[in-house]
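Presented below is the structure to which this report refers.
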Amino acid sequence: MGCANTNLCKAKKEKNDEFFTQLTDIEKELKHYKKHFENKSIFCNCDDPTFSEFWRYFHLNFAELKLKKLVSTHYDAKERTYMLEYEGGDDNNVEIGKKTDLMQNGDFRSDECIKLLIESDIVVTNPPFSLFREYVATLMNHNKQFLIIGNMNAMKYKEIFPYMMNNRMWVGHNSVKEFKQPDGSIKKFGNVLWYTNLDIAKRHEKLILWKSFNSDEYPKYETYNAIEVGEVKDIPIDYDGIMGVPISFMNKYSPEQFEIVGEFNHGSDSDFDLAKPVINGKELFPRIAIRHLQEA
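Shown next as structure tokens:
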């Protein structure tokens, strides 16, 4: 399949990952996680504190969030970089912090940054678009809590989808539509989301369903014993089998209401990739395979 998001695809192809999250978007999302931050060490491991609004947000709200520590590191392709630490004192002066030179270039995979990762409690950042698979794997390998930004299509990656399916990672509250570039200009994107493994009330809110199943409205795939549900709002309340729904379902997914069975994508990538979703000889966009959880 081609990539619908031209800007993001271009960024991945050129490895142009210099897109900075704006403070308004950070504030809008992070207000839902305040209870998680108390007495925690926050690590922003893709953030130059000179420019990073993540550093700015946590520094300005250090006492309000009752943080224990804030650490920021950033990558430079040619030079050694530094880490900045803040443990309170003057929250309003975002330039205050203990600066320590790194021996390496601040790559999140470097030994120095992995050591800092292990010492931290929660990672919050906008990681490189082009390295999203490897970035998430690094967090998972070290069993870290996180709140990060990524493309919505990332949930279809064979390296990422199992985390979503097994409730080790889920979608946050908001999307991010605009990012600032190093020259100060704004780049617009579509389908960029927050991903997290911090529990939030949203993921326990069940969808209100009202439609009943009928075979005319919900055709079966030619490639798998499952029905097609074109829109999340049309999920039938009374169908017990497997249903194929758009990936936007993940924005509404509650693990108390549905089970994720797999995905209908290529039918070959992995055990959870069930089949191509085909109706009347036409292959549909990738679908998430779900079914209702039975009431206890």
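So the sequence shown is numbered by our numbering: it starts at 664 and just counts up by one. For each residue, glycine too, the CB sits at the ideal point set by N, CA and C. Here the structure is a predicted model, which means the values were calculated and not measured.
| Check | Outcome |
| --- | --- |
| Which of helix, strand or coil DSSP assigns to Cys776 | helix |
| Pick from Glu750, Leu733, Pro909 that is closest to Asn816, judged by C-alpha positions | Pro909 |
| Neighbourhood of Pro825 by C-beta distance below 7 Å, restricted to the same chain and skipping five residues each side | Phe935 |
| Below-9 Å beta-carbon distance, Phe714 vs any chain B residue | Here there is only one protein chain, and chain B is not present. |
| Beta-carbon spacing of Phe921, His867 below 9 Å | no |
| Spatial neighbours of Ile785 in its chain, beta-carbon cut-off 6 Å, leaving aside the 5 residues before and after | Lys703, Ile705, Gln808 |
| Residue range of the unbroken beta strand (DSSP E) whose run includes Val839 | Segment: none, Val839 is in no beta strand (DSSP E) and carries neither H nor E. |
| At least 3 beta-carbon pairs within less than 8 Å: the stretch 738 to 745 vs the stretch 716 to 724 | no |
| Which listed residue (Asp754, Phe912, Lys762) has its alpha carbon closest to that of Tyr745 | Lys762 |
| Residue environment, Ser735, which counts as buried when at least 16 other CB atoms sit within 10 Å | buried |
| Residue range of the alpha helix (DSSP H) that includes Met803 | 795 to 804 |
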